[in-house]
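Report on the structure given below.
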Amino acid sequence: MDKENKIEVRNLNLWYGDKQALKNNSIKIRKNHVTAIIGPSGCGKSTFIRCLNRMNDLVEGVKITGEVSINNKNIYDKDVDVVSLRRRVGMVFQKPNPFPMTIFDNVAYGPRIHGIKDKKKLQEIVEKSLKDTTLWNEVSDRLDKSALDLSGGQMQRLCIARTIAVKPDVLLFDEPCSALDPVATGKIEDLIQELKKEYTIVIVTHNMQQAARVSDYTGYFLLGELIEFGKTKQLFENPKEKSTEDYITGRFG
Amino acid sequence: MPRKAMDKQMNKIKEGISEMSELVSNAVSKAMTALEKNDKQLANEVIIGDGFIDNYYVHIKRRSIQTIALHQPVARDLRFISISLDVVYNLERIGDYSRNIAEAVEYLNKEYTVPEEIREMGKLAVQMSGKAANVFVNDNGGQIKEILKMEDKVDEIYRSVFPILKNDLKGKCKECPTALNMILIAKFLERIADHSVNIANRAMYEISGKEEYL
Numbered sequence: 000m001d002k003e004n005k006i007e008v009r010n011l012n013l014w015y016g017d018k019q020a021l022k023n024n025s026i027k028i029r030k031n032h033v034t035a036i037i038g039p040s041g042c043g044k045s046t047f048i049r050c051l052n053r054m055n056d057l058v059e060g061v062k063i064t065g066e067v068s069i070n071n072k073n074i075y076d077k078d079v080d081v082v083s084l085r086r087r088v089g090m091v092f093q094k095p096n097p098f099p100m101t102i103f104d105n106v107a108y109g110p111r112i113h114g115i116k117d118k119k120k121l122q123e124i125v126e127k128s129l130k131d132t133t134l135w136n137e138v139s140d141r142l143d144k145s146a147l148d149l150s151g152g153q154m155q156r157l158c159i160a161r162t163i164a165v166k167p168d169v170l171l172f173d174e175p176c177s178a179l180d181p182v183a184t185g186k187i188e189d190l191i192q193e194l195k196k197e198y199t200i201v202i203v204t205h206n207m208q209q210a211a212r213v214s215d216y217t218g219y220f221l222l223g224e225l226i227e228f229g230k231t232k233q234l235f236e237n238p239k240e241k242s243t244e245d246y247i248t249g250r251f252g
Numbered sequence: 000m001p002r003k004a005m006d007k008q009m010n011k012i013k014e015g016i017s018e019m020s021e022l023v024s025n026a027v028s029k030a031m032t033a034l035e036k037n038d039k040q041l042a043n044e045v046i047i048g049d050g051f052i053d054n055y056y057v058h059i060k061r062r063s064i065q066t067i068a069l070h071q072p073v074a075r076d077l078r079f080i081s082i083s084l085d086v087v088y089n090l091e092r093i094g095d096y097s098r099n100i101a102e103a104v105e106y107l108n109k110e111y112t113v114p115e116e117i118r119e120m121g122k123l124a125v126q127m128s129g130k131a132a133n134v135f136v137n138d139n140g141g142q143i144k145e146i147l148k149m150e151d152k153v154d155e156i157y158r159s160v161f162p163i164l165k166n167d168l169k170g171k172c173k174e175c176p177t178a179l180n181m182i183l184i185a186k187f188l189e190r191i192a193d194h195s196v197n198i199a200n201r202a203m204y205e206i207s208g209k210e211e212y213l
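Chains as they are written, first to last, in numbering that gives the first Met the number 0: chain A, 0 to 252; chain B, 0 to 213.
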């Protein structure tokens, strides 16, 4: 696997008004690996992942300092086109949120916005995206039906298909399975293992067993600070920090 | 995560290992006394007592497996459970060896003396078996050095006792040293067979999940 870093975060600070939510965090995220971010509610893990595609820009009163480099380019530089950034850094949310349109149009939405009009080309992209998310066999005969009729797990895989249809570099998952049953969760976890061959993945999860199962690296956040970051195997077998140990063994709080 | 439930399981495992360790250490001690005094009744007590030790082994192992299944331990908790499985396995083996010593009492000549070296080894073995589990149960890392020191002593006596026994036998019969070695080899082979059964049983437990193989 590739050893280069896809994302390098340096001295990242974030304030919501007066409240500091991220405190001087630096982290290197490996290309084609899965990095999990864990920590108790309010520790800043979602805020952190949202910094990676500038989703926090939309929050009123937010102030960000530091650097987030993707492919060696600081995404907070003034000349960065945020729309293009969010194409390269896709995001999947906790609750599946397909658009109220057909399955086909959901997946074709991104490519169309980015200027692809050729029908055949769009069909190819939709088929590949649905195959890559293991959804094709389940929906290929009803692409013209509403996406809202799919099951929760299928909807979430559709959202992933929609995200990868625009060929991003990085996939951000914010609690992608917390609204899904164990079978659908298992499918998403298997999918993440497949997707990391092509994409760099960062996943925020409350489910520590999930972090342990799917990730190669894990970062533990507490009160806005990255307390420990390392290989998942090491962090779950023999963490360096007592605070990490207390959290993952349920002694915390 | 239900931390209280996890702590309860871990405490029960600790208590079980503590009790089992005491039983095992007593078994070593009683087996040696039975051997030294040619006390067949005491030897019989050790043989019967081994069944209790085996019960502890099965129960603690079952609880450890349940804890893994129900609580998904990680970090120190995971190390605790995995080590507790090793600890009870080794305690159970020590119990078996004590029974083996006790069983030998039946077959010894009426008139024999236990060589001083073997008595000394017995004393060390009793102490070591008592202290070993204590390192785990009470997180008493300080005792490890003491235990290693005693092991050196046991090894030293073991290396010295063999030529002594051989020479003793040489005077009595020419073939005896060879016979002694053959008995030891037979014992090693029996151990290998025993461990092979253990491995197969573990495999059966994995395949069937039946507790008879646990």
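Don't be surprised by glycine CBs; every beta carbon is placed ideally from N, CA and C.
Nothing here was measured: the structure is a model prediction, and the numbers come from that model.
Rounded C-alpha distance that separates residue i from residue j
i: A/Asp173; j: B/Asp85; result: 40 Å
i: A/Gly38; j: B/Gly94; result: 45 Å
i: B/Arg92; j: B/Met19; result: 12 Å
i: B/Tyr111; j: B/Ile100; result: 15 Å
i: B/Ala26; j: B/Tyr96; result: 9 Å
i: A/Asn136; j: A/Ile187; result: 16 Å
i: A/Met0; j: A/Lys230; result: In this prediction, A/Met0 scores a pLDDT of 47, lower than 50, which makes its location untrustworthy; the coordinate-derived value is nonetheless stated afterwards. Rounded to whole angstroms, A/Met0 to A/Lys230 spans 15 Å at the Cα level.
i: A/Ile115; j: A/Asp131; result: 20 Å
i: A/Pro167; j: A/Gln19; result: 30 Å
i: A/Thr199; j: A/Gln208; result: 20 Å
i: A/Ile26; j: A/Gly16; result: 24 Å
i: B/Met203; j: B/Lys209; result: 8 Å
i: A/Glu197; j: B/Ala68; result: 34 Å
i: B/Asn37; j: A/Ile247; result: 55 Å
i: B/Phe79; j: B/Ile206; result: 25 Å
i: B/Met0; j: A/Ala211; result: Reliability fails at B/Met0, whose pLDDT of 49 lies under 50, so the model's placement of it is uncertain and the value that follows must be treated cautiously. Roughly 15 Å between the two C-alpha positions.
i: A/Lys5; j: A/Leu51; result: 11 Å
i: B/Arg2; j: B/Ile82; result: 20 Å
i: A/Pro95; j: A/Leu121; result: 23 Å
Under 7 Å between C-beta atoms of residue i and residue j
i: A/Thr101; j: A/Asp140; result: no
i: A/Arg86; j: A/Val169; result: no
i: B/Lys13; j: B/Val136; result: yes
i: A/Val201; j: A/Ile74; result: no
i: A/Leu234; j: A/Thr217; result: yes
i: B/Met120; j: B/His70; result: no
i: A/Val203; j: A/Ser45; result: yes
i: A/Pro99; j: A/Asn105; result: no
i: A/Arg111; j: A/Val81; result: no
i: B/Leu22; j: B/Ile47; result: no
i: A/Gln93; j: A/Ser40; result: no
i: B/Gly15; j: B/Ile64; result: no
i: B/Gly129; j: B/Ser195; result: no
i: A/Gly223; j: A/Leu84; result: no
i: B/Glu116; j: B/Ile156; result: yes
i: A/Glu244; j: A/Glu227; result: no
i: B/Tyr212; j: B/Asn197; result: no
i: B/Val153; j: B/Ile143; result: no
Contact belief for residue i with residue j at Cβ below 8 Å, rounded distance in angstroms
i: A/Asn237; j: B/Ala74; result: 7 Å
i: A/Arg29; j: A/Gly65; result: About 20 Å separates the two Cβ atoms, so there is no contact after all.
i: A/Ile191; j: A/Val33; result: 6 Å
i: A/Phe251; j: A/Gly43; result: Incorrect: roughly 15 Å between the Cβ atoms, too far for contact.
i: A/Leu157; j: A/Leu134; result: 6 Å
i: B/Val113; j: B/Lys39; result: About 15 Å; that fails the 8 Å criterion.
i: A/Val125; j: A/Ala107; result: 6 Å
i: A/Gly151; j: A/Leu179; result: 6 Å
i: B/Ala132; j: B/Leu77; result: Not really, about 19 Å apart at Cβ, beyond 8 Å.
Continuous beta strand (DSSP E) stretch holding residue i: start and end
i: A/Met90; result: 88–91
i: B/Asp215; result: Because chain B spans 0 through 213 in this model, residue 215 of chain B falls outside it and cannot be assessed.
i: A/Lys22; result: 18–29
i: A/Lys62; result: 61–69
i: A/Gly218; result: 216–221
i: A/Tyr15; result: 4–15
i: A/Phe251; result: Here A/Phe251 belongs to no beta strand (DSSP E), and DSSP marks it neither H nor E.
Endpoints, alpha helix (DSSP H) assigned at residue i
i: B/Phe161; result: 142–171
i: A/Tyr246; result: 241–247
i: A/Arg49; result: 44–50
i: B/Phe135; result: 115–136
i: B/Tyr204; result: 175–207
i: A/Gly151; result: 151–163
i: B/Asn99; result: 74–104
i: A/Thr231; result: 231–236
i: A/Leu121; result: 118–131
Within 9 Å of chain B by C-beta, residues of the segment 188–222 of chain A in sequence order: Met207, Gln208, Ala211
Between the segment 227–251 of chain A and chain B, which residues of the former have CB atoms less than 7 Å from a CB of the latter, in chain order? Phe235, Glu236, Asn237, Pro238, Glu244, Ile247, Thr248, Gly249, Arg250
Could you run through the segment 4–17 of chain B and flag, in chain order, every residue whose CB is less than 8 Å away from some CB of chain A? Met5
Which residues, in order along the segment 64–89 of chain B, keep a beta-carbon less than 8 Å from a beta-carbon of chain A? Gln71, Pro72, Val73, Ala74, Arg75, Asp76, Leu77, Arg78
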